[in-house]
Structures are given as structure tokens and as C-alpha cells.
Amino acid sequence: MEEKIKIEERFLENAESLVSDLLKQHFASTDCQLDAFTKSKIKGLIKRVIIQEVEYLNQDPENYFSIYGEDHLNN
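Here you go:
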């Protein structure tokens, strides 16, 4: 189970990094109409969601994997 948890944590870290990079690109584009406060709130939201997901994963891995599945761990 520990290895599955580590794999899932790496997945969540990679997902956070990807979303953060995409947000930075969007925020820097001329299409972005958001103010600095809203941008900051969005970044904070993404960070909190990932932190809470990792906490849930570590607190109750059996339930976590029963809800979210684990087929992707085979890739």
C-alpha cells in the first residue's frame, strides 16, 4: 500500500505543477481579464485542493482508492 500511496502522491504533485504552469501561461496572456487578487485566490485554491487530497490519501488510503480507483497506477 505504501508504494501505491507514493505513486499517487507523485501524480498529485505532477498534476498541481501542470495546473500551476497552465495558470501562469493564462495569467500572462492578453486574453486573461482577471485582477491580481483573483489570480492569487485561484492559485491558493489549487494549492489547498491538492494538499487536502494528499491528506485524504494518507488518512484513508483504502477509501481513497475505492472512490478514485487505481487503474492508473498500472501505467
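Each residue of the sequence shown is one higher than the last, beginning at 873 in this note's numbering.
Where is the CB? At the ideal position from N, CA and C, for every residue including glycine.
All figures in this text were calculated on a predicted structure; none of them were measured in a lab.
In this structure, DSSP gives THR910 a helical state, which the three-state scheme calls helix. A check of alpha carbon separations from LEU894 across GLU880, LYS878 and LYS911 identifies LYS911 as the nearest. The distance from the Cβ of LEU884 to that of ILE922 is about 6 Å, consistent with a contact at the 8 Å cut-off. Taken atom to atom, the span from the alpha-carbon of ASP907 to that of LYS913 is near 10 Å. Taking C-beta atoms under 8 Å as the contact rule, GLU881 and LEU929 qualify, at a distance of about 7 Å. Considered as a whole, the stretch 875–936 harbours 908–931 as its complete alpha helix (DSSP H) runs of no fewer than 4 residues, in chain order. Nearest Cα to LYS915 within the set ASP903, GLN905 and PHE899: PHE899.
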